[in-house]
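Chains A and B supply the protein sequences, listed in that same order.
Quick note: the first sequence uses our numbering, first residue 1, plus one each step.
Quick note: the second sequence uses our numbering, first residue 1001, plus one each step.
Ideal placement from N, C-alpha and C gives every residue a C-beta, glycine not left out.
Since we're looking at a predicted model, the values are computed, not measured.
So the structure is just underneath, and the comments pick up after that.
Protein chains: 2
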Amino acid sequence: MTNKNQAIPYKIFLTEDELPKHWFDLRPDMKNKPAPMLHPGTHQPCTAQDLQPVFCDGVISQELNTTESFIEIPEEVRNFYKMYRPSPLVRAYCLEKALGTPAKIYYKFEGTNTSGSHKLNSAIAQVYYAKEQGITSLTTETGAGQWGTALSMACAYLGVDLKVYMVKVSSQQKPYRKAVMETYGAQVIPSPSDTTAVGRKILEAMPDTGGSLGCAISEAIEVATTTPNCRYVLGSVLNHVLLHQSVIGLETEAAMAKYDIHPDVIIGCAGGGSNLGGLIAPFMAKKLRGEENIRFIAVEPASCPSFSRGRFAYDFGDTGQTTPLIKMYTLGSGFIPAPNHAGGLRFHGMNSVLSQLYHDGFLEAKAYPQNEIFEAARQFARCEGILPAPESSHAIKAAIDEAMACKERGEEKTILFGLTGTGYFDMAAYMAFNDGTLSDYIPTDEELAKGFATLPPVKE
Amino acid sequence: MTNKNQAIPYKIFLTEDELPKHWFDLRPDMKNKPAPMLHPGTHQPCTAQDLQPVFCDGVISQELNTTESFIEIPEEVRNFYKMYRPSPLVRAYCLEKALGTPAKIYYKFEGTNTSGSHKLNSAIAQVYYAKEQGITSLTTETGAGQWGTALSMACAYLGVDLKVYMVKVSSQQKPYRKAVMETYGAQVIPSPSDTTAVGRKILEAMPDTGGSLGCAISEAIEVATTTPNCRYVLGSVLNHVLLHQSVIGLETEAAMAKYDIHPDVIIGCAGGGSNLGGLIAPFMAKKLRGEENIRFIAVEPASCPSFSRGRFAYDFGDTGQTTPLIKMYTLGSGFIPAPNHAGGLRFHGMNSVLSQLYHDGFLEAKAYPQNEIFEAARQFARCEGILPAPESSHAIKAAIDEAMACKERGEEKTILFGLTGTGYFDMAAYMAFNDGTLSDYIPTDEELAKGFATLPPVKE
């Protein structure tokens, strides 16, 4: 069904039947493939066997895939998707009017589920594969809390136990996020904690640390590898997570096709890269094949600028330096963003596919300090009626800047951005912004140098 | 377009074109009309002129209407609706499976907008009429905070100033609700406050009161009637609010018609009655016309049981006893629910149309203590993936009870309930429930007698 000559509605919904039946992996379309994950001891490419103590078998084959473009979505996962997907593609008529721009702005809104973000797309898939394998409990980390919430929901739905290591500063900023996870039956532990050896070691070295995703990952992995029938799951960074998130891009592509809409610019916020990677996947494939000339922009916080100021190098995914090595843009596994950084997007590295694309010039990056982000968030909330997550607001800010550039140049470009979620559990940060007490922290070169000093020596 | 022979999807969405063009008023279909609103001084039926110092002209004609069944939705309001409506009608497949019931359960979900509830449907309409009349500022009260949030959003969108009197105990329980309203530019004042004469009087009599909707209404009305170019708006109880909320029922009716679904039981939570009245309007009309035999159930908290234990009498809408008199089921304007009552649904009275229908036996009522409500909420969250508002959970609890009765009797009934909103700003209450510290408060007959003692003497 196409509606090419019809007026474009405020929200373009696909029907349940149009929900994608396959996820899409961009790697087969890449000429320069991302470098392989390396074993931290041998520095040899990781095998499936290397990953089995930590990850579920179902996602390992997806993680190591480089040849299959389409991977079937299991029926039980599709049925769960039907509770909150297809998600709406929204034409931002009110924002366009408020900006007075000739640009056409669209956003794919992933915040209509209780986890408040796109994270649920991968959570349900990962818990499904765990359960299929007979795993009875899972561990994970969470920063801003969206991933932990999503995973709690998926675990409650499929009846799998869950232990969440939550970055301490986030658990203090967001006590209600913790309460949501607990309502869904998860056990939530502020990290670093004394429940793991690596947590105790970090606490000894830095007793006052607010924690970091890197610390929390180390703790969760330690528990997964030392508990029978338990595995670790991760909400971003890895390639199988981007694969699951491709449902965002595939739905967007199908919705746009209905009205013959072609984006000129696609914008997404980037922490570990899962939302951005998922949103752009089918569109980037067209660019790589030379079929469409689209600009892609990754937007990150100035306080954790992995792309903008990071190095393209092999690095660990965690502070404890226990994970496989990933070739990525990174600030070093020892980098911890300042505690006054309010939202998520606090991971020190970036997904390897996106890193390669950035390195090869297919992807641009922008970094903003947080007051500008919240200013954009408030403007968006007042005209589009959705109070956005701070993470998502990075994409809003860049989209507004692009739309204003179109206004200056009189260009009618089509801008698409990912609105990954809602800010209902981020009100402490909004209060600080409203009060004028939210600080714009940007790390100095000296501070970044400390992070880079933790990069491991890897011969390539 | 009908899909009568197709499988019913998880979510039935209408298209933007199918969004109702008119609201529906049930009163023309009622044989026994609700008793007219009376002037508090003369005890004569209120005229439009009587109401003009308090309310906007556009809603006064709607409030006093008894003859027009369909009233056009202004285009600007319909365009705003398009940002978050039509809302989904959801088939609760997962809940049905978890309960093992042969019943078919549907819910109309009004929580997909940032206000988190159905309240936005009337907020935008009321602000539209205010702006049309040249009003520059509005006042209102809010209890649980959903109405205040909705009105803040509507006022931000249309550029009208707003002062919200928030029940003090709610503002303490929900500081982040306040922050959302402030992000949308509203001024939020915990009530009772020293900013009004009636507030000061109440504080003098009860310095430690946690406030009530009745108090907050008195304060908001005082400000509206003493400030130039200012009016008061109310989020429930009144007939024009039910009129605006009929968009819920009309969409539900249209979505059900697509699949030839006929509800046997319709359930809604009831505080002032706006959601329940809006949801049932077109279905109740069919019952009144003898076309369909549907059961209707109003669900209220045992701590504020207006229907179940109230009196059918003329009463004030506010504690300060300044409003017109409404014939309704009421606990008396002096009744204040215990502070440990966690959610909304704390108004002492009930809309006059619903009161008349209840009095005439067209509507049943049930009351539940709050731990049972939260138990149902948690069960629903874990299988349907939506963390519900405590208010909405009253309807969930009654729907589960009906579904379990169907299971016992082997009946395949179709149950419809209104899921008015999400509980993302109610986590303090969820935490209390999770911790086992949420108390089940039920007022004694002696406590209710104190409320009844505040009923005004009115000759009928």
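key: Cutoff 6 Å; reference residue 418(A); Cβ partners in own chain excluding five residues on either side   = Here the set comprises 108, 268, 275, 279, 395.
ask   = How would you call residue 44(A), buried or exposed, if buried means at least 16 neighbouring beta carbons within 10 angstroms?
value = Here residue 44(A) is exposed. Its C-beta has fewer than 16 other C-beta atoms within 10 Å.
query = In angstroms, rounded to a whole number, what distance separates the CA positions of residue 198(A) and residue 1389(B)?
reply = Rounded to the nearest whole angstrom, the C-alpha separation of residue 198(A) and residue 1389(B) is 39 Å.
request  = For residue 348(A), count neighbouring C-beta atoms within 10 Å of its own C-beta (all shown protein chains included) and say buried if the count is 16 or more, exposed if not.
outcome  = It counts as buried.
ask   = For residue 1059(B), which residues from the same chain have a beta carbon less than 7 Å from its beta carbon, with the 5 sequence-adjacent residues on both sides left out?
value = Closer than 7 Å at the Cβ level, and outside the excluded window around residue 1059(B), lie 1126, 1129, 1240.
Contact residues within the region 380 to 404 of chain A, judged by C-beta distance below 8 Å to chain B = Taken in chain order, the members of the region 380 to 404 of chain A whose beta-carbon sits within less than 8 Å of a beta-carbon on chain B are 381, 382, 383, 384, 385, 386, 387.
message = DSSP has residue 1100(B) in a bridge; who is on the other side?
response = Beta-bridge pairing links residue 1100(B) to no other residue.
task = In the DSSP assignment, find the unbroken alpha helix (DSSP H) run with residue 284(A) in it and report its ends.
result = Where residue 284(A) is concerned, the enclosing alpha helix (DSSP H) stretches over 274 to 288.
request  = Go through its chain and collect everything with a Cβ distance to residue 105(A)'s Cβ below 7 Å, but skip five positions before and after it.
outcome  = 92, 95, 96, 399, 403, 415.
Residue closest to residue 1139(B), alpha-carbon to alpha-carbon, out of 1206(B), 1117(B), 1229(B), 1208(B) = Ranked by Cα distance from residue 1139(B), the first of 1206(B), 1117(B), 1229(B), 1208(B) is 1229(B).
query = What residue range is occupied by the uninterrupted alpha helix (DSSP H) comprising residue 1087(B)?
reply = Per DSSP, residue 1087(B) belongs to no alpha helix (DSSP H) and is neither H nor E.
ask   = Using a C-beta to C-beta distance shorter than 7 Å, which residues of chain B count as neighbours of residue 431(A)?
value = Chain B residues near residue 431(A): 1179.
key: Residues, ordered as in the chain, of the region 1113 to 1136 of chain B that lie near chain A by beta-carbon distance below 9 Å   = Those would be 1113, 1114, 1115, 1116, 1120, in chain order.
request  = Figure out for me which residue from 1294(B), 1342(B), 1458(B) has the closest Cα to the Cα of residue 979(B).
outcome  = Lying before the first or after the last residue shown, residue 979(B) is absent from chain B, which here runs from 1001 to 1460.
request  = Would you check if the distance between the CB atom of residue 353(A) and the CB atom of residue 30(A) is smaller than 9 Å?
outcome  = Here residue 353(A) is near residue 30(A), since their CB atoms are less than 9 Å apart.
request  = Could you check how far apart the C-beta atoms of residue 166(A) and residue 216(A) are, in whole angstroms? I think they sit under 8 Å.
outcome  = At roughly 7 Å, the Cβ-Cβ gap stays under 8 Å, so residue 166(A) and residue 216(A) are in contact.
task = Leaving out five residues on either side along the sequence, give the residues of the same chain with a beta carbon under 7 Å from the beta carbon of residue 1181(B).
result = By the criterion of a C-beta distance shorter than 7 Å, residue 1181(B) is surrounded in its chain by 1148, 1149, 1152, 1164, 1188, once the five residues flanking it on both sides are discounted.
query = What's the gap between the Cα of residue 1450(B) and the Cα of residue 1309(B)?
reply = Distance between the alpha carbons of residue 1450(B) and residue 1309(B): 13 Å.
ask   = Using the rule of at least 16 other Cβ atoms within 10 Å of the residue's Cβ for burial, across every protein chain shown, is residue 156(A) buried or exposed?
value = Burial call: buried.
inquiry  = Please list, in chain order, the residues of the region 1012 to 1035 of chain B that have any C-beta partner in chain A closer than 7 Å.
reply    = Taking 7 Å as the Cβ-Cβ cut-off against chain A, the residues of the region 1012 to 1035 of chain B that qualify are 1013, 1016.
message = As a quick exercise: from 432(A), 35(A), 373(A), pick the residue whose alpha carbon is nearest that of residue 397(A).
response = From the listed residues 432(A), 35(A), 373(A), the smallest Cα separation to residue 397(A) is found for 373(A).
Nearest-angstrom Cβ-Cβ length linking residue 1421(B) and residue 1392(B), presumed shorter than 8 Å = Confirmed, Cβ separation roughly 6 Å.
Neighbour list for residue 1427(B) in chain A, Cβ cutoff strictly below 7 Å = Residues of chain A whose Cβ lies closer than 7 Å to the Cβ of residue 1427(B) are, in chain order, 176, 179, 180.
query = Which of the three DSSP states, helix, strand or coil, is assigned to residue 1296(B)?
reply = In the structure shown, residue 1296(B) sits in a strand (DSSP, three-state: E or B).
query = Does any residue of chain A bring its CB to less than 9 Å from the CB of residue 1196(B)?
reply = So, not an interface residue.
request  = Report the residue ranges of all beta strand (DSSP E) runs contained in full by the region 221 to 267 of chain A; include only those spanning at least 3 residues, in chain order.
outcome  = Within the region 221 to 267 of chain A, the complete beta strand (DSSP E) runs of at least 3 residues are 230 to 232.
query = Taking DSSP as the reference, what is the three-state secondary structure of residue 10(A)?
reply = Correct three-state label for residue 10(A): coil.
inquiry  = Counting only beta-carbon separations shorter than 9 Å, does residue 1070(B) have a partner in chain A?
reply    = Cβ-Cβ to chain A under 9 Å: no for residue 1070(B).
Distance between residue 1325(B) and residue 1221(B) (C-alpha atoms, nearest Å) = Between residue 1221(B) and residue 1325(B), the C-alpha separation is close to 15 Å.
query = Are the beta-carbon atoms belonging to residue 383(A) and residue 103(A) less than 9 Å from one another?
reply = Remark: C-beta atoms of residue 383(A) and residue 103(A) do not approach each other more closely than 9 Å.
ask   = Which same chain residues, not among the five before or five after residue 1101(B), have their C-beta less than 8 Å away from its C-beta?
value = 1403, 1404, 1406, 1407, listed in sequence order.
inquiry  = Let's test the definition: count the other Cβ atoms within 10 Å of the Cβ of residue 1007(B) and tell me whether it reaches 16, buried, or not, exposed.
reply    = The residue is exposed, with fewer than 16 neighbouring Cβ atoms inside 10 Å.
Local conformation of residue 1070(B) per DSSP, three classes = In the structure shown, residue 1070(B) sits in a strand (DSSP, three-state: E or B).
ask   = Quick one: is residue 183(A) near chain B, going by C-beta distance under 9 Å?
value = It does: the Cβ of residue 183(A) has a partner Cβ on chain B nearer than 9 Å.
request  = Pick out whichever of 1053(B), 1183(B), 1074(B) has its Cα sitting closest to the Cα of residue 431(A).
outcome  = Relative to residue 431(A), the option among 1053(B), 1183(B), 1074(B) whose CA is nearest is 1183(B).
message = Measuring only the C-alpha atoms, how far is residue 256(A) from residue 1386(B)?
response = Residue 1386(B) has its alpha-carbon roughly 28 Å from the corresponding atom of residue 256(A).
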